[in-house]
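Student: First the structure, then my questions, so here it is.
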Amino acid sequence: MNNSARRLVFPKGATVFAEGEPGTTAYVVESGRVSVFKTVKGKRVDIGDITQGGIFGEMALIDDHPRMASAVAEEETACVLIGKERLSEQLEKAPKGVRVIVNALLGNIRAMGAELAEATVILSHEEE
85 MNNSARRLVF PKGATVFAEG EPGTTAYVVE SGRVSVFKTV KGKRVDIGDI TQGGIFGEMA
145 LIDDHPRMAS AVAEEETACV LIGKERLSEQ LEKAPKGVRV IVNALLGNIR AMGAELAEAT
205 VILSHEEE
C-alpha cells in the first residue's frame, strides 16, 4: 500500500490488515464499518466494530509491534489514512514521560487483548 495515500475505500469483505503484519498505517473510518478480531486456536474472537469517526490500527504505529488483530470491512468502508511518519512526528513533540506512559499502556492493552481472546476461546469450549 502506498503510505502517501490519504484515503482508501475497502469493498465489503476486504481485509484491511491481518494479525501479525507490520503496521505502517492507522485508519479513521469516514463511512462504513470495520470488524476487528483476533484468531485464537483457529477461532475468530471479535474485539469490536469501528464505525464513522473511529480509529483503528494505531497501536502498531506507536510501539512498532506487529498488528495484534485483523481488520475486515463489513460493508463498503472509506478510511482516511494516517501514516507512521505523521504520527511519529506528533509523538516526538510530546514529553518523554508521556511517550513512556503511552508505550506502557499499549503493552498492557496488547497483553489484555491476548488474555481476553484466549479466555473467550476457553469459555466457548466449556459451553459446548
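In this note's numbering, each number is its position in the sequence shown, counted from 1, plus 84.
Cβ atoms here follow ideal geometry from the backbone N, Cα and C, with glycine treated the same way.
#1: Less than 8 angstroms between the C-beta atoms of residue 119 and residue 130, yes or no?
#2: So for residue 116, helix, strand or coil by DSSP?
#3: With a threshold of 7 angstroms on Cβ separation, who are the neighbours of residue 100 within its own chain once the five nearest residues in sequence on each side are excluded?
#4: Could you check whether residue 162 and residue 91 sit closer than 8 angstroms to each other, using their CB atoms as the reference points?
#5: Using DSSP with H/G/I as helix, E/B as strand and the rest coil, what is residue 155?
#6: Please classify residue 195 as buried or exposed, where buried requires at least 16 other C-beta atoms within 10 Å of its C-beta.
#7: Going by DSSP, which residues form a beta bridge with residue 166?
#8: Classify residue 122 as buried or exposed, calling it buried when 16 or more other Cβ atoms lie within 10 Å of its own Cβ.
#9: Report the residue from 159, 98, 177 and 103 whose alpha carbon sits nearest the alpha carbon of residue 197.
#10: Just list the residues that DSSP pairs residue 148 with in beta bridges.
#11: Mind checking who residue 93 pairs with in its DSSP beta bridge?
#12: Measure from the alpha carbon of residue 202 to the alpha carbon of each residue in 107, 124 and 113, then state which is nearest.
Tutor: Quick look at the numbers:
#1: yes
#2: coil
#3: 94, 111, 118, 155, 156 and 157
#4: Contact flag set, yes.
#5: strand
#6: Counting every other CB atom within 10 Å of its CB across the protein chains shown gives residue 195 a total below 16, marking it as exposed.
#7: 110
#8: buried
#9: 103
#10: For residue 148, which the question treats as bridged, DSSP gives no partner whatsoever.
#11: 162.
#12: 124
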